[in-house]
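Residue numbers (my numbering), protein chains in the order written: chain R, 244 to 564; chain U, 2 to 160; chain A, 5 to 555; chain S, 1107 to 1282.
Okay, so here's the structure we're looking at.
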């Protein structure tokens, strides 16, 4: 392979991933508005395009054309960099997710580890946003985000570890292959629950949406961001939701395994089902308080995750090892 | 007091999800406003108008100024009265300022000849404040569509 | 025109039922203590106090578990008078203390040492009349902007043109000193000030709270009011009684009918006009519907504050149905101007009862649903249980009323204990109350009240008989000279109207005692030690309406 | 009444930023942008008095302003396009409204909802000392909605009217 070939592949992959990230996020925002509308017995966007499908495009275009305000008191460079850093993991994560056997940008050997590691870069962006805004609400939001993400990381890792233990590999396609007969949600229900809760907390969705708690912190860490910079946070958030759902699908729902339909269709169906559940939760629950959030993690989730890991080690690995 | 406990709490969360799930199949409550008119009560106190008589330029109004005096918000800034040949009062200039009006209906209540009435217009919007001062003496029957302030482009164009 | 306080008519011997109290007030230094006819003036005991004896007399009342209902400043021309209205719990008397001060010195001792709740009231009087209260902890303008140099409710004030100084385009200086005093600053300064509002999603309007926080823990906080002050009480002194009706709607726009009723009742007490039986039933039905609508907005916005959006839309959907009925019956959705002295303005439409009973049937189902979705929800319980506890003592001291008072275990409801409408005695219902005093208790009281209101409406519908809806009212409406007070129970608590009439068509002084004012005042006491998220929860559970407070 | 505020309102519309118009303007792009802007009016969560409740009702299920893309209420002025002044503006509030307006990124629009916001309404009577005679004294208003309070559909109508005006490019807002 010549250098030209490699470059072309990189460019192609990059374009494909960015396009997917954008379109997917726009679709998810539309979906979120429609789901909330259905739950709340109203219409949601209808007037812009068929079924309001173009609504989010109008929103995005508008945000592009908005004046970008950089308040005088902000920390200039950090403020400019923050949304980019927050958005960065979105394409990186999508690139590492296999959609079906051999379909995907890259199927890494340490895929599971990679996903967990990269997704936390966004946190840095959030912290930078909150710190540089020089706004107390932003700062509080960022601090909440950091505390919350770091705490929930641990039980999440432990839950994934249980899955990796069973599959015997960190490679995502291997993990999916291991679930050809029984998806891990049946074998590892506790790990699934822990992982699901933690990943909702990681992507700052209700009932764990404290970093941008609208009624307390105005708009949390992105209070001072306008136009496209704000849109980047938005894109990042919705991509994170998609990635969350994709990982749940890969780890617990058997990935693209399924009868009759094409594997890609199966994968997308399962992923969007999980996305729907996440949205459903958001439109049902109030949010927790920061100390309760921490309590729940350290007192309930973490011990549960450790016990779960121990038990599964004994049950599934004890005989082999 | 509500018993608190892990399982009860877990159950309550599921119950909550159940409620919203059931609502997903509920009836849609939205009135698609510009396409479908919003029903307005028959006694709705909309912007006030003067009832015109059969003979043009003759109104029931006898120029007693009771409405102007009772109006708590001074929303009838101009009400000029003249005398006709039979030495009877009649209005020559009658302006109502919808921007000031608080739609309390005291003027309609107080009118001795029932010359004033409320219209049923509920969706006024104007592009300038001066449009809201209405000369009601020679005004025809006003409706939501020909209300003087509106540009008449209520149908939203699809993109 | 100078106005002398009305000579008090002595009440017949057998009616003066509080001789012991009167005796004790006399001993403490009150002069001219007398009892009044409750049915005519809305007050039981009236006492003149000197500035020196004010605190001593008030202490007597405090030991008797009286709560401070409001302060009424009056410009008697030339001297100023401040009226202190007290109320004993349940069947006890209402007591009015009068303290005078002349125009030049305009000083009175503060009552804040005895009654903490006097704080804001005194600041309001300071705003409006320029009366100084000696030793008041922070006597600053409460409702007016800090740059105004006038006292609007003085009779010699006639709306001087105001020029806003150039520098006030900026948000005024933070009140750092007052906030620092509240917090126990440590040597290591990790504390800072967090400004909530006036544009903040959970302050329910334009309230501003300056929080002194350390991390997310609150050391103290101060409320800044007046961002929605509209000078209603001054306007009342320029409007005829009839013309003032629309303004009663706009004080508490979530329950305009209850305010309409309060004002109508005030005029009825003052003039002796009586309403018709049908009108009374209609009033009860409409006001209870209004209470339901108001509580629904509370439920929705409270959950919005706690982070759940969907209940808000459900509640508004139900509320829309009630508003549709209001619109068909009164002609407006919110600013109804429906209940007037002598009855109601117009009769209802033919399918009124049918529609309401259908709505109430659905409402019962909905209440069960709300109970499942909201009140039983574990996250809701975590956010409200043991948060923002108002003790019964605090509640009484600050004059808290309505569901907030009943959530603190004080069983008082003006509908039952000071029945201003015969119908409330005849119908079968009970006053819900909880003993927790926290946000959860207040929420549960409101949920129970929703159910009771549905009960009341359903029973009242059966009592609806044909007849006139308005009795004869003179065309030129005048109120005989005198002082009147009337109390009704709104969705947020006691709505009191204090009227000083001089016999003309226009009130001499009209003071509204709004429930949210006293309820909100407790928030400064509840905040220390909680977290930022709790402030939102506490504020939401108090269910305040800012334009009602600011007037 | 408020001389000082009025004189500064238009020059300082974007007081905390320097507004530089783009050098090259493409007409079709401008058209597309206007279309997008018209269909994506995010209002600022900002209620003052009675009208705020009707504003909330307009976004609730029965009227659902989200159908037109105007249901995304933003709490931060930095992310809002439309300021709906819903209620009485008094002298204490006026500087804050001005400030909020300045904090919004252009292009931005203002709807004066209800009598009070238009001209002081029922409260600007008999030399009232507290109330501003309409929010127009401090910020440029695009649409006036009479009513006390206006019905939710009046607000929807105002939004539609504003959309038309944005599409035809005839609003007060400066184009970015």
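We put the beta carbon where it would ideally sit given N, CA and C, even for glycine.
Query, Result
"Closest by C-alpha distance to residue 287/A, when choosing among 74/A, 260/A, 301/A, 310/A", "260/A"
"Within 9 Å, strictly: CB atoms of residue 515/A and residue 76/A", "yes"
"Beta strand (DSSP E) segment containing residue 513/R, residue limits", "Not the beta strand (DSSP E): residue 513/R falls in the alpha helix (DSSP H), residues 506-525."
"Those residues which DSSP pairs with residue 224/A across a bridge", "216/A"
"Interface positions of the region 107-135 of chain U facing chain A (Cβ-Cβ less than 8 Å), listed along the chain", "107, 110, 119"
"Residue-chain proximity (residue 104/U, chain A), Cβ-Cβ < 9 Å", "yes"
"Within-9 Å CB hit, residue 248/A to chain U", "yes"
"Range of the contiguous beta strand (DSSP E) that encloses residue 496/A", "Segment: none, residue 496/A is in no beta strand (DSSP E) and carries neither H nor E."
"The region 309-316 of chain R contacting the region 462-471 of chain R, beta-carbon criterion three pairs below 8 Å", "yes"
"Chain-order list of residues whose beta-carbon lies under 6 Å from that of residue 285/A (same chain, five-residue window excluded)", "464, 467, 468"
"Nearest-angstrom beta carbon gap, residue 523/A and residue 404/A [assumed within contact, 8 Å]", "5 Å"
"Within chain R, the residues that residue 28/U reaches when beta carbons sit closer than 7 Å", "284"
"DSSP state of residue 37/U mapped onto helix, strand, coil", "coil"
"Counted within 10 angstroms of its Cβ, other Cβ atoms place residue 177/A as buried (16 or more) or exposed", "Any answer about residue 177/A is weak, because its pLDDT of 46 lies below 50 and its placement is not dependable; what the coordinates show is given next. Classification for residue 177/A: exposed."
"Under the three-state DSSP convention, the category residue 257/A falls into", "coil"
"Members of the region 518-529 of chain R near chain U, C-beta cut-off 8 Å", "523, 524, 526, 527, 528"
"Spatial neighbours of residue 369/R in its chain, beta-carbon cut-off 7 Å, leaving aside the 5 residues before and after", "329, 385, 388, 454, 464"
"Interface positions of the region 1240-1268 of chain S facing chain U (Cβ-Cβ less than 9 Å), listed along the chain", "1240, 1242, 1247, 1248, 1249, 1250, 1251, 1252, 1253, 1254, 1256, 1257, 1258, 1259, 1260, 1261, 1262, 1263, 1264, 1265, 1266, 1267, 1268"
"Inter-residue Cα distance where the pair is residue 145/A and residue 1151/S", "28 Å"
"Proximity to residue 418/A [Cα-Cα], best of 96/A, 378/A, 276/A", "96/A"
"Unbroken alpha helix (DSSP H) run spanning residue 130/A, endpoints", "122-133"
"Neighbour flag for residue 176/A against chain R, beta carbons, 9 Å", "Low confidence applies to residue 176/A: its pLDDT is 43, below 50, so where it sits in the model is not reliable enough to give any reading."
"Test: residue 39/U CB closer than 9 Å to a CB of chain S", "yes"
"8 Å contact criterion, which residue 119/U and residue 92/U should meet: CB distance rounded", "Not confirmed; about 18 Å, so no contact."
"Runs of alpha helix (DSSP H) wholly within the region 482-548 of chain A (minimum 4 residues, chain order)", "519-525, 527-530, 536-546"
"Within chain R, the residues that residue 386/A reaches when beta carbons sit closer than 8 Å", "531, 532, 535"
"Interface residues of the region 220-249 of chain A facing chain R [CB-CB below 9 Å]", "220"
"The region 424-436 of chain R / the region 4-11 of chain U touching (three or more Cβ pairs under 8 Å)", "no"
"Secondary structure of residue 140/A, DSSP reduced to three states", "coil"
"Collapsed DSSP secondary structure at residue 119/U in the structure displayed", "strand"
"Against chain A: residues of the region 438-455 of chain R by CB proximity under 9 Å", "449, 450, 452, 453"
"Within chain U, the residues that residue 281/R reaches when beta carbons sit closer than 8 Å", "25"
"Span of the beta strand (DSSP E), counted from its first residue to its last, around residue 1192/S", "1188-1192"
"Whole-Å CB distance - residue 384/A paired with residue 378/A, under 8 Å assumed", "6 Å"
"Alpha helix (DSSP H) runs contained entirely in the region 416-446 of chain A, provided each spans 4 or more residues", "418-421, 426-430"
"Contact with chain R by residue 22/U, beta-carbon distance below 9 Å", "yes"
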